[in-house]
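J.:
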Amino acid sequence: MPLPPPWEGEKALLTVPNDLFQIPFPRLSADQPPEFSEAEVSQTTGVPFALVPAHFNENGTQRYGFGDKRAEYRYLRLAREGRRHFIGPMPPKLFIQQFLAKDPAWFKTMPPAAGAFADVPDLGAEQERVRADRRLKKRRDAAATAGTTAAGKADNAPDYGDGTDEAEAEETRHVEKAAKGKEKENATAKPKAKEKERPRKGNKKGGDGKLPAEEQIYLPLITALNGRPPDPDVLGDTGREPRCPGIAFRDTSAKADTETGVVGSLKPDVSGYAVAHLEAMESLNTIKAPTHIGLIATFIEVKATLDFFNDPPESSEGDAPTTHSFVLEHIKNDTNREWAEKALGQNIAYASELCARQYRHCCYSVSVTGCNARLIRWDRAGAIVSESFNLHRHPEYLCQFYWCFGKMSNFDRGYDLSVEVATHEEQELFRRVVEAHVEAQLAGAVPDLKDPHVPGSDLHYEEGVVSTIHLTTPAEDGESHPRKFLVCRPLTAPLSMFGRCTRSYWAVECQLDQPSGKLQGTIAFLKDTWRYSGHAHDVQEGEILKRLAASKVCNIPVVKVHEDVHVIHSADSGELVLTLALQSTLTQKFVGASWNCRRDPDVVIVEHNHYRLVLGTVGYPLHRLRGSRELLTATYDAFQALGAADDAGYLHRDISPGNIILVNETSTASQSGGGVAVRSNASARRGYLCDWDLSRRKEHSGSFKDPEVSATWQFQCIAALKHRQLSTELAYTVEHDMESMLYTVLYCSLCWLPMKAGGDPKACMNAMFDEYEEYHGQVVGGSKKLANADDRRYTLLLEWEDPSTKEWLDGVMDLHSPRRGAVPDFSTGPDWNKSSLNVYWTDFLQRKGETLPYDNRKMNMTIFKSAERNASLAVQGRSYAPPRSYQSSLKHTLEDPDTSGQPTRKRRKKELARMCSLLILALYEHRQCNPCQTIPERQLNQGRSRIGPYGASPRELELLVAEEVFGVEGPPPHRLQRRRHQGRLHVKP
Numbered sequence: 001m002p003l004p005p006p007w008e009g010e011k012a013l014l015t016v017p018n019d020l021f022q023i024p025f026p027r028l029s030a031d032q033p034p035e036f037s038e039a040e041v042s043q044t045t046g047v048p049f050a051l052v053p054a055h056f057n058e059n060g061t062q063r064y065g066f067g068d069k070r071a072e073y074r075y076l077r078l079a080r081e082g083r084r085h086f087i088g089p090m091p092p093k094l095f096i097q098q099f100l101a102k103d104p105a106w107f108k109t110m111p112p113a114a115g116a117f118a119d120v121p122d123l124g125a126e127q128e129r130v131r132a133d134r135r136l137k138k139r140r141d142a143a144a145t146a147g148t149t150a151a152g153k154a155d156n157a158p159d160y161g162d163g164t165d166e167a168e169a170e171e172t173r174h175v176e177k178a179a180k181g182k183e184k185e186n187a188t189a190k191p192k193a194k195e196k197e198r199p200r201k202g203n204k205k206g207g208d209g210k211l212p213a214e215e216q217i218y219l220p221l222i223t224a225l226n227g228r229p230p231d232p233d234v235l236g237d238t239g240r241e242p243r244c245p246g247i248a249f250r251d252t253s254a255k256a257d258t259e260t261g262v263v264g265s266l267k268p269d270v271s272g273y274a275v276a277h278l279e280a281m282e283s284l285n286t287i288k289a290p291t292h293i294g295l296i297a298t299f300i301e302v303k304a305t306l307d308f309f310n311d312p313p314e315s316s317e318g319d320a321p322t323t324h325s326f327v328l329e330h331i332k333n334d335t336n337r338e339w340a341e342k343a344l345g346q347n348i349a350y351a352s353e354l355c356a357r358q359y360r361h362c363c364y365s366v367s368v369t370g371c372n373a374r375l376i377r378w379d380r381a382g383a384i385v386s387e388s389f390n391l392h393r394h395p396e397y398l399c400q401f402y403w404c405f406g407k408m409s410n411f412d413r414g415y416d417l418s419v420e421v422a423t424h425e426e427q428e429l430f431r432r433v434v435e436a437h438v439e440a441q442l443a444g445a446v447p448d449l450k451d452p453h454v455p456g457s458d459l460h461y462e463e464g465v466v467s468t469i470h471l472t473t474p475a476e477d478g479e480s481h482p483r484k485f486l487v488c489r490p491l492t493a494p495l496s497m498f499g500r501c502t503r504s505y506w507a508v509e510c511q512l513d514q515p516s517g518k519l520q521g522t523i524a525f526l527k528d529t530w531r532y533s534g535h536a537h538d539v540q541e542g543e544i545l546k547r548l549a550a551s552k553v554c555n556i557p558v559v560k561v562h563e564d565v566h567v568i569h570s571a572d573s574g575e576l577v578l579t580l581a582l583q584s585t586l587t588q589k590f591v592g593a594s595w596n597c598r599r600d601p602d603v604v605i606v607e608h609n610h611y612r613l614v615l616g617t618v619g620y621p622l623h624r625l626r627g628s629r630e631l632l633t634a635t636y637d638a639f640q641a642l643g644a645a646d647d648a649g650y651l652h653r654d655i656s657p658g659n660i661i662l663v664n665e666t667s668t669a670s671q672s673g674g675g676v677a678v679r680s681n682a683s684a685r686r687g688y689l690c691d692w693d694l695s696r697r698k699e700h701s702g703s704f705k706d707p708e709v710s711a712t713w714q715f716q717c718i719a720a721l722k723h724r725q726l727s728t729e730l731a732y733t734v735e736h737d738m739e740s741m742l743y744t745v746l747y748c749s750l751c752w753l754p755m756k757a758g759g760d761p762k763a764c765m766n767a768m769f770d771e772y773e774e775y776h777g778q779v780v781g782g783s784k785k786l787a788n789a790d791d792r793r794y795t796l797l798l799e800w801e802d803p804s805t806k807e808w809l810d811g812v813m814d815l816h817s818p819r820r821g822a823v824p825d826f827s828t829g830p831d832w833n834k835s836s837l838n839v840y841w842t843d844f845l846q847r848k849g850e851t852l853p854y855d856n857r858k859m860n861m862t863i864f865k866s867a868e869r870n871a872s873l874a875v876q877g878r879s880y881a882p883p884r885s886y887q888s889s890l891k892h893t894l895e896d897p898d899t900s901g902q903p904t905r906k907r908r909k910k911e912l913a914r915m916c917s918l919l920i921l922a923l924y925e926h927r928q929c930n931p932c933q934t935i936p937e938r939q940l941n942q943g944r945s946r947i948g949p950y951g952a953s954p955r956e957l958e959l960l961v962a963e964e965v966f967g968v969e970g971p972p973p974h975r976l977q978r979r980r981h982q983g984r985l986h987v988k989p
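In full-length UniProt numbering, the protein residues as written are 1 to 989.
1. Please tell me whether D646 and R686 are closer than 8 Å, where the distance is taken between their beta carbons.
2. Under a three-way DSSP split, which group does T298 fall into?
3. What separation, rounded to the nearest whole angstrom, lies between the Cα atoms of A648 and V553?
4. Which runs of the beta strand (DSSP E), 3 residues or longer, sit entirely within the stretch 244 to 306?
5. Is it buried or exposed for S109, if we count other Cβ within 10 angstroms and need 16 for buried?
6. Tell me where the beta strand (DSSP E) around W530 begins and ends.
7. Which one of A874, G236, P89, E771 has the shortest CA to CA distance from E314?
8. Suppose the cutoff is 8 Å on Cβ atoms and the five residues either side in sequence are ignored; what does the same chain contact list for R360 look like?
9. Mind checking who W800 pairs with in its DSSP beta bridge?
10. In terms of residue numbering, what span does the beta strand (DSSP E) encompassing Q876 cover?
11. Could you tell me the distance, in whole angstroms, from the CA atom of Y880 to the CA atom of G542?
12. Among the residues of its own chain, which have a CB less than 7 Å from the CB of W692, if the five just before and after it don't count?
13. Assign residue 990 to one of two classes, buried (16 or more other C-beta atoms within 10 Å of its C-beta) or exposed (fewer than that).
14. Give the single residue among Y505, D843, N833 whose Cα lies nearest to the Cα of E462.
15. Please look up how many angstroms separate the CB atoms of D119 and P220, rounded, as I've assumed it's under 8 Å.
16. Label P853 either buried or exposed according to how many other C-beta atoms from any shown protein chain fall within 10 Å of its C-beta, with 16 as the threshold for buried.
17. Looking only at its chain, what residues have a beta carbon closer than 8 Å to the beta carbon of N681, apart from the 5 residues adjacent to it on each side?
18. In this structure, how does DSSP classify W506 when only helix, strand and coil are distinguished?
19. Is K255 closer than 8 Å to T291 when the C-beta atoms are compared?
20. Under a Cβ-count criterion, where at least 16 other Cβ atoms within 10 Å of its own Cβ denotes burial, should Q514 be classed as buried or exposed?
21. Decide if the stretch 426 to 437 is in contact with the stretch 481 to 489; the criterion is three or more beta carbon pairs, one per stretch, under 8 Å apart.
22. Using a Cβ-Cβ cutoff of less than 7 Å, which residues in the same chain neighbour S418 once the five nearest sequence positions on both sides are dropped?
23. Can you say whether I287 is buried or exposed, counting buried as having 16 or more other CB atoms within 10 angstroms of its CB?
24. Would you tell me roughly how many angstroms separate the C-alpha atoms of C764 and V618, rounded to the nearest one?
25. Is the beta carbon of A304 less than 8 Å from the beta carbon of L123?
26. Note down the Cα distance separating L586 from Q887, rounded to an integer number of angstroms.
27. Would DSSP call T893 helix, strand or coil?
28. Just the C-alpha distance for F299 and V421, rounded to the nearest angstrom, thanks.
29. Candidates E329, T223, T260, Q427: which alpha carbon is nearest R250's?
30. Starting from the C-beta of F99, find all residues in its chain whose C-beta is less than 6 Å away, skip the five residues before and the five after it, and write them out in chain order.
31. Would G266 and I296 be called neighbours here (beta carbons separated by less than 8 Å)?
32. Please classify E774 as buried or exposed, where buried requires at least 16 neighbouring CB atoms within 10 angstroms.
33. Fully enclosed by the stretch 592 to 663, which beta strand (DSSP E) runs are 3 residues long or longer?
34. Less than 8 Å separating the beta-carbons of N57 and E72?
35. Determine the DSSP secondary structure at L576, reduced to helix, strand or coil.
36. Is the beta carbon of G781 less than 8 Å from the beta carbon of W713?
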């Protein structure tokens, strides 16, 4: 039986119209999810806890890592990370019943499935026949050369060496005869001049006039899925209903989505769009369409052969799930294995980007290999994959899948309905408030000097893509009205499909002023993540921050509101219904299913809950630092928070540059969680230690046995990276967080502080931060950090223009690990404790603080060479593409809001260019015939009348004509070349 919908059996808390703002939400903060003991959690997950403290995933390694960001390299990383998160093969019928068939009555109106995909070529079978023919020919040639015949065969009975029947033999003879004829024809033909070899681009046909193998599948598959209107020229033709109502499929394999840059851009083979989106993209009547990841509803990835999943044999149903390897391990050839890994990583990358560029709790896709298909459901815990089924023999599975997908609600398709498109008034409010806060942050301690290293509002705002996030938790003042937060471009975005997958924003809390009826906004920081919820000690980050504030911990952000996200689904009437159910992952619920094959025992698929945290402390991450002074004072502030939290019984466990934010405050008093901490140096921004979601109480972090510690790889301590090579367990302590703080300062110094010649910064970066190795099939690291702790082999010769940076690094490294011989069991120096480090750091800032350079930031080009290819968008300082909600459209990007009812901007632009060219051509001809006459007013009016309806400015047109064609200092007539091709006039220099 399928799982009931998350709201079934629960009383709907609220039925509201689409405008949620003016309807009061009920108070839900008291309804906390139940806590379980570890024994109960172990029973619910069905698997033991694993020893995975620093998971080697794309989110943790490539945000600050310098691995190649091009697509093919990213695919390999994603495949090696994500292969452990797949479970299957789930029977396709059960898959459809479990996740899609919400109403059995849907199937009564579904078009017949028989022969639906008969035109899809079975390329796998064709290639297998070709390979069999080649093997057959080789055996026959070998037998003929040896002069032998098979025993027991009559002389007139040909033997083909593998039991090939006469029909196959006849077919083989025809193939060989045709091949010999071709060879003879080529031998007698005159030799042709050697043509220059050109690489194949896009969907160009090959030398034999055929499309590349997998591209032969696109058109038949798309044609089978899309509907067809009746043909008036064919008597009795009634057309064909689409297989997926409301969704149209297009070939998007030619034009990639480059909104986040050309490097690593993506283009699924076949994408399903809502019909309204295709109309806005001007692709409603075409088979091909550009890729727009933010609007794709579902996608299909096609491969000609070699499935990266492997179903267990049908004859071994009993023990197959516990012994069979489902992902990749059936491919033994190294070349084929790498190709299959890239193909798997490609599917993961598409799902990851789709969920990063849209507000979703899950998504669906289809993987096609030859004439076989698999259904896939993705969420943040893992992916559930169906059994492979043949499109010719079992077309009903894919037909039912897409028919149900078209009938499902937006929530069931995977959209998060708590996010909506902001109105124009809300967008304007967001822009004003963000710009004001940017100005406040840029003001700094230097009068009238804007910081050139901190970007403006374009890092946070893009016109037309502002979204409204509804939180159900009431305000602190007790009023039970809903809270609305406006967001746009994220500061961080997930790079992988699985895990916490955090997005963070500068947000604006939108409130309605009742007396004036106008919207008012205040700046905030919103964190959207999928927190782990499998342990009893998995506490919400907001609760941790409140407890730290109660313990008077300084330099931590102020909590405004936080909550687990509740399910909001759409009723049949179109209204939105809020329920008690939480948005959580489903993959972990099927780990113990009878059809699930063996997985890696070192990985635990645990439940994730969708969680949002809103903070009142808003600033920039540490890697936006201005110079040496700000680096060392802000990290000192974060160290003070770290030590105070340790006194309160909490460990942070994820220190990185992104988890320390720089805030420019108008006063010298910090907005600490409790009490007031006075700064001795008010010229630099204050550092706040945030991202406490991996924090644990000391009693719960007694060892590394914790599957959720997916902390940033580059800044993990040596013991955490090499834990799998330890013979005994080590307790995680504040000293490990202090070690991560040391690596944070070293990383920022290498990247953004000016250096002198000497040493090898790039080698130091690669060795100490990106190094990893395989140990018994598992990823470990820390060897180069350990070597540097032993003899300073990577940092000894490094020199900075400001010698104080080198002095601080050397001093702290000597505290951590005095230079000596072998370091036993990764232990640290005797003086490595928070008291000693606090004494050293405080004394250093008292001696050097005022002389540290304030604005000496300089990008180290030795490290940032080919930055676009190797550095993430965050490290490059570039903005992420804004996610889109389920209601999102292209109205603001492809259609001019001031020209309602007119053609889209793309079409208007083409028409405007054509009209301008015709007018300029006419005026040029008039000038040639009448060199002494002025331009007739009637000709200008004629041009205005033609171009005016398309939004052109007549004044701009006159200036264009006057400056470019008729200007006194303009080009002479012999440099103007007329071309009537497409009605354009080309001016050649």
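In this text, a Cβ means the ideal position worked out from N, Cα and C, and glycines have one as well.
T.: Once the coordinates are examined:
1. no
2. strand
3. 8 Å
4. 247 to 251, 270 to 274, 298 to 303
5. It should be noted that the sequence gives Thr, not Ser, for residue 109. Result: exposed.
6. 518 to 532
7. Ranked by Cα distance from E314, the first of A874, G236, P89, E771 is P89.
8. L354, G414, Y415, D416
9. M755
10. Element bounds for Q876: not the beta strand (DSSP E) but the alpha helix (DSSP H), 873 to 876.
11. 25 Å
12. E541, I544, L545, H652
13. This structure gives no information on residue 990, because the portion of the chain shown stretches from 1 to 989.
14. E462 has its Cα closest to that of Y505, out of Y505, D843, N833.
15. 4 Å
16. Using a 10 angstroms sphere on the CB of P853, the tally of other CB atoms reaches 16 or more, which defines it as buried.
17. Only weak support exists for where N681 lies, its pLDDT of 47 falling under 50; the coordinates are left without a value.
18. For W506, the three-state secondary structure derived from DSSP is strand.
19. yes
20. Flag for Q514 reads exposed.
21. yes
22. I469, H470, V565, I568
23. With fewer than 16 Cβ atoms within 10 Å of its Cβ, I287 is classed as exposed.
24. 33 Å
25. yes
26. If you take the alpha carbons of L586 and Q887, they lie about 25 Å apart.
27. Unreliable placement is indicated for T893, whose pLDDT of 40 sits below 50; no coordinate value is reported for it.
28. 23 Å
29. With distances taken between Cα atoms, R250 lies closest to T223.
30. R377
31. What sits at residue 266 in the sequence shown is Leu, not Gly. Cβ distance not < 8 Å, so L266 and I296 don't count as in contact.
32. exposed
33. 608 to 615, 660 to 663
34. no
35. strand
36. yes
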